[in-house]
Structures are given as C-alpha cells and as structure tokens.
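Asks: Please read through the structure below; I'll follow up with questions.
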Amino acid sequence: GSTSLTLKCAVRNKMTHQTIITVERIVMVNLGEDGNPSPHGKTKVEFVIDRLSNPS
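Take 295 as the starting number for the sequence shown in our numbering and just add one per residue.
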C-alpha cells in the first residue's frame, strides 16, 4: 500500500558476524496530523549505502 512500510531486521556482532537477534516483520504506518494512515510518498526501495554515497 501507500501508507505503510514492511521490513525485517537482523542484528549481528560486527566482529564475529554472529546473529544476535532477527525480527522477521516490522510494519511502520505513516500517520497524518489527524492520526489516520496517510501516504508516505516512497516509490522505490532505498539502501543506506546509496544515501551515504550520494548526499542530497
């Protein structure tokens, strides 16, 4: 949809790369001023590495 983003997260030890915790589903819903779901405006997948190498 246009009001929520669904993602998953894995936290790993930086030295050993051993998984510490995995969350399979995180749903974030954009809320408008009235507290109801509102479009978030995202149209494509973004990666942190792309944002860091191309600052706006």
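A virtual CB, placed ideally from N, CA and C, is assigned to each residue, including glycine.
Please give the ranges of any beta strand (DSSP E) in the region 304-332, keeping only runs that are unbroken, at least 3 residues long and fully inside the region.
Replies: Correct list: 313-323.
Asks: Between Cys303, Asn330, Met309 and Gly329, which lies nearest to Glu318 when the distance is taken from Cα to Cα?
Replies: Here the question's residue 318 lines up with position 24 in the sequence shown. Measuring from the Cα of Glu318, the nearest candidate turns out to be Cys303.
Asks: Since His334 contacts Leu301 with CB under 8 Å, what's their CB separation in whole angstroms?
Replies: As a working note, residue 334 is residue 40 in the sequence shown. As a working note, residue 301 is residue 7 in the sequence shown. The pair is not a contact, with the Cβ atoms about 13 Å apart (cut-off 8 Å).
Asks: Name the DSSP bridge partner or partners of Leu346?
Replies: Along the sequence shown, one-based indexing puts residue 346 at 52. Partner(s): none; Leu346 has no beta bridge.
Asks: With DSSP as the reference, label Ser296 as helix, strand or coil.
Replies: On the sequence shown, residue 296 is found 2 positions in, with the first residue counted as 1. DSSP places Ser296 in coil when its eight states are reduced to three.
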